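So the protein lines, in turn, are chains H and U. The letter at position 205 of the first sequence is residue 205 when you use UniProt numbering, and the numbering goes up by one with no holes. The letter at position 285 of the second sequence is residue 285 when you use UniProt numbering, and the numbering goes up by one with no holes. Idealized CB from N, CA, C, for every residue including glycine. Bear in mind that the values here come from a model prediction, so they are computed numbers and not experimental data. Remarks on the structure that follows.
Number of protein chains: 2
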Amino acid sequence: MNKTILLKSRPEGTPTLDNFEFAEIDKPTVSEGQVLLKTKYVSVDPYLRGRMRDEKSYIEPFQLDEPIQSGIIAEVVASENPDFKTGDYINGMLDWKKIQTHNGKGLQKVDQSKAPLSAYLGILGLTGITAYVGLLKIGEPKEGETVLVSGASGAVGSVVGQIAKIKGCKVVGIAGSDEKINLLQDTFGFDEGINYNKTNTMQKAIKEACPNGVDIYFDNVGGEILDAAIANMNRFGRVVNCGAISLYNETEQPTGPRLETSLVKKSLKMQGFIARDYQDDFNKIVPQLASWLQKDKLTYEETIVDRFENIPQAFIDLFDGKNKGKMVVKV
Amino acid sequence: MNKTILLKSRPEGTPTLDNFEFAEIDKPTVSEGQVLLKTKYVSVDPYLRGRMRDEKSYIEPFQLDEPIQSGIIAEVVASENPDFKTGDYINGMLDWKKIQTHNGKGLQKVDQSKAPLSAYLGILGLTGITAYVGLLKIGEPKEGETVLVSGASGAVGSVVGQIAKIKGCKVVGIAGSDEKINLLQDTFGFDEGINYNKTNTMQKAIKEACPNGVDIYFDNVGGEILDAAIANMNRFGRVVNCGAISLYNETEQPTGPRLETSLVKKSLKMQGFIARDYQDDFNKIVPQLASWLQKDKLTYEETIVDRFENIPQAFIDLFDGKNKGKMVVKV
Numbered sequence: 001m002n003k004t005i006l007l008k009s010r011p012e013g014t015p016t017l018d019n020f021e022f023a024e025i026d027k028p029t030v031s032e033g034q035v036l037l038k039t040k041y042v043s044v045d046p047y048l049r050g051r052m053r054d055e056k057s058y059i060e061p062f063q064l065d066e067p068i069q070s071g072i073i074a075e076v077v078a079s080e081n082p083d084f085k086t087g088d089y090i091n092g093m094l095d096w097k098k099i100q101t102h103n104g105k106g107l108q109k110v111d112q113s114k115a116p117l118s119a120y121l122g123i124l125g126l127t128g129i130t131a132y133v134g135l136l137k138i139g140e141p142k143e144g145e146t147v148l149v150s151g152a153s154g155a156v157g158s159v160v161g162q163i164a165k166i167k168g169c170k171v172v173g174i175a176g177s178d179e180k181i182n183l184l185q186d187t188f189g190f191d192e193g194i195n196y197n198k199t200n201t202m203q204k205a206i207k208e209a210c211p212n213g214v215d216i217y218f219d220n221v222g223g224e225i226l227d228a229a230i231a232n233m234n235r236f237g238r239v240v241n242c243g244a245i246s247l248y249n250e251t252e253q254p255t256g257p258r259l260e261t262s263l264v265k266k267s268l269k270m271q272g273f274i275a276r277d278y279q280d281d282f283n284k285i286v287p288q289l290a291s292w293l294q295k296d297k298l299t300y301e302e303t304i305v306d307r308f309e310n311i312p313q314a315f316i317d318l319f320d321g322k323n324k325g326k327m328v329v330k331v
Numbered sequence: 001m002n003k004t005i006l007l008k009s010r011p012e013g014t015p016t017l018d019n020f021e022f023a024e025i026d027k028p029t030v031s032e033g034q035v036l037l038k039t040k041y042v043s044v045d046p047y048l049r050g051r052m053r054d055e056k057s058y059i060e061p062f063q064l065d066e067p068i069q070s071g072i073i074a075e076v077v078a079s080e081n082p083d084f085k086t087g088d089y090i091n092g093m094l095d096w097k098k099i100q101t102h103n104g105k106g107l108q109k110v111d112q113s114k115a116p117l118s119a120y121l122g123i124l125g126l127t128g129i130t131a132y133v134g135l136l137k138i139g140e141p142k143e144g145e146t147v148l149v150s151g152a153s154g155a156v157g158s159v160v161g162q163i164a165k166i167k168g169c170k171v172v173g174i175a176g177s178d179e180k181i182n183l184l185q186d187t188f189g190f191d192e193g194i195n196y197n198k199t200n201t202m203q204k205a206i207k208e209a210c211p212n213g214v215d216i217y218f219d220n221v222g223g224e225i226l227d228a229a230i231a232n233m234n235r236f237g238r239v240v241n242c243g244a245i246s247l248y249n250e251t252e253q254p255t256g257p258r259l260e261t262s263l264v265k266k267s268l269k270m271q272g273f274i275a276r277d278y279q280d281d282f283n284k285i286v287p288q289l290a291s292w293l294q295k296d297k298l299t300y301e302e303t304i305v306d307r308f309e310n311i312p313q314a315f316i317d318l319f320d321g322k323n324k325g326k327m328v329v330k331v
């Protein structure tokens, strides 16, 4: 039998298992031009929370009683599409289904001999690309500058810090446990770490960790940590707005100090983006990431959860920071 | 006798005449290398409110019991500096004094035959330059885009709108009276105007005036008008943070909806700046502004207040929007 996971109800606040429904569906058969895909690895990402809201955004919201989608690595188990053959592995934006058909458009082949399959959802996939374009295209780091990263032990943050080190910056990471801070410093080569759960005033903690001020703040969390970072930014600083996980589950419009006066006073830039904004550059960026990976200039952590049935829980756990590095589900 | 205006106390909230003190001082004499300057026109600008706070910023705060400074056009009435001769007119950041000496550094000569003296404080001075660099360097307008400007009938806003028209954009201005809206449309060539004092919901008013959404929002006011603009921004929109006059007199940290989620969702840029960030380009920008002025592609309004004694009141009146275009005091 085949299985899928549907959006049963839109989460209010933090998503719960009740928001998801498992359904048994028929195993599809391939028509001409199609491939039959068997799901191997499923990416769970904070941004999916946004698609669960019935709101206009850069991507259509998920529909109720329809399958949820995310980045998936799948094996081609049958093909009537000349571009793919049985045994190929592909990366695509696919339904949360064990087996599905696809017309092949937008699927990328991935090479298991060059990197583990799951890496194509992480460091060599959208998360690695997100870190790359956010830091380099928006942050524009210069040697010797100070880069502050929140969500630093997460999928994107851990790559941002390492690329910033490659570019000769001082790198300070913010995360939520001593274990994660150790990971930042020992595995990812961050210069300093701030455990926000052990800090009374983030503004002061950042000041101590960044005595020369912050030139680039790569923000994955939003909210009060963003405010504290802004207070420590140097003139001409750049805030890279990659995500705001601290706000995604809010049911009311979150409020905070107005930032416009700080932007003017310090000639600051704040800029949001998604990786797809730089789609035309992907074919240059992925080989660069792969090359750094091969030369051990980049490393990565994964939190791999087993079984298709655990996809919703893995997604929910993102909001408690239960992942280190990229969270993926192995089916 | 000579006169100066000192900062007597730091304003709490909106500045009042009590915050200023007039003092009689000696008429200075020139030493070698100096010029003796007689004040002709004094610029009053919203940003001066920021310098009245005892806070670190891009420029030193004014000191208590010391003269206030702003952009001033003065006549050289005696010179022991070879770069200047009696009868020259100069533009510089000078003390609020009727007569003062200066070493000449940073003073620019202005040519009364090319434009009225007061224009060098406005359209050909920092306000014109501010409009130019903010719109063109940060906003990067493309033909056919929609540009929304707040404080649109003010010194900077009125120039922003006109340059946006030169660049082939649709231009919508926000101001606080029907008289100002008429000025925007009849004199400055804006396509549409929104009187925020006659509008219940700015978000809806902007939507109606900008049916294709907003590509560039040039913000002189901050606060709720900024929020309403953000809600109407198109993907890849640019917010040019030039000022936040609605917040300058707040005594508590102003709060508002958090914007970071919108920045990410719509790949928006918000960027603060001051004209001086582009100082190296001034010698190209001013001739461009002068050329547009000569060709009647640009026009300007001034609110000219008479008498040195009225400088503080003219400054205070900025916060009630009593000026149309650039506010200057003729001494």
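Beta-carbon of residue i versus every beta-carbon of chain H: anything under 8 Å?
i, result
"U/F273", "yes"
"U/G222", "yes"
"U/D219", "yes"
"U/S177", "no"
"U/G189", "no"
"U/G144", "no"
Of the choices the options, whose alpha-carbon is the least far from that of residue i?
i, options, result
"H/M1", "H/R10, H/D18, H/D26", "H/D26"
"U/G87", "U/H102, U/V110, U/F308, U/G237", "U/V110"
"U/Q112", "U/E302, U/Y89, U/T199", "U/Y89"
"U/P46", "U/K297, U/D186, U/G157", "U/G157"
"U/Q313", "U/K324, U/K167, U/T16, U/C169", "U/T16"
"H/E250", "U/N241, U/P254, U/T261, U/E252", "U/T261"
"H/N19", "H/R235, H/Q294, H/V239, H/I5", "H/I5"
"U/L259", "H/G71, H/I59, H/G144, H/N241", "H/N241"
"U/N220", "U/G134, U/A205, U/E60, U/T146", "U/G134"
"H/Q63", "H/G161, H/K165, H/E21, H/L107", "H/E21"
"U/S177", "U/K170, U/V171, U/Q185", "U/Q185"
"H/N91", "H/E301, H/I181, H/Y120, H/T146", "H/Y120"
"U/K204", "U/I216, U/I230, U/F218", "U/I230"
"H/T146", "H/S118, H/G193, H/S291", "H/G193"
"U/I166", "U/L124, U/L298, U/I123, U/K207", "U/L298"
"U/A155", "U/L289, U/I138, U/T127", "U/T127"
"H/V329", "H/G321, H/V214, H/R307, H/K322", "H/R307"
"U/F282", "U/P28, U/K38, U/G125", "U/G125"
"U/V30", "U/K56, U/K170, U/P82", "U/P82"
Give the interface partners of residue i over in chain U, defined as CB-CB distance under 8 Å, in chain order.
i, result
"H/C242", "V264"
"H/D277", "F236, S267"
Which of the three DSSP states, helix, strand or coil, is assigned to residue i?
i, result
"H/A74", "strand"
"U/A23", "strand"
"U/D54", "coil"
"U/L136", "helix"
"U/N91", "strand"
"U/L6", "strand"
"U/F188", "coil"
"H/N182", "helix"
"H/P312", "helix"
"U/D296", "coil"
"H/Y120", "helix"
By the criterion of Cβ-Cβ separation under 7 Å, what are the contact partners of residue i in chain U?
i, result
"H/L226", "E260"
From the beta carbon of residue i, is the nearest beta carbon of chain U less than 8 Å away?
i, result
"H/T255", "yes"
"H/Y58", "yes"
"H/M52", "no"
"H/L247", "yes"
Applying a beta-carbon distance threshold of less than 7 Å, which residues of chain H neighbour residue i?
i, result
"U/E270", "One point to set straight first is that residue 270 of chain U is Met, not Glu, in the sequence displayed. Near U/M270 (Cβ distances below 7 Å), the residues of chain H are L263, M270."
Run the proximity test for residue i: is its beta-carbon closer than 7 Å to any non-hydrogen atom belonging to the ligand SAH?
i, result
"U/E145", "Summarising the ligand content, the structure contains no ligands, and the ligand SAH is consequently not present."
Residues of the region 80–104 of chain H whose Cβ lies closer than 9 Å to any Cβ of chain U, in chain order: Flagged: no residues at all.
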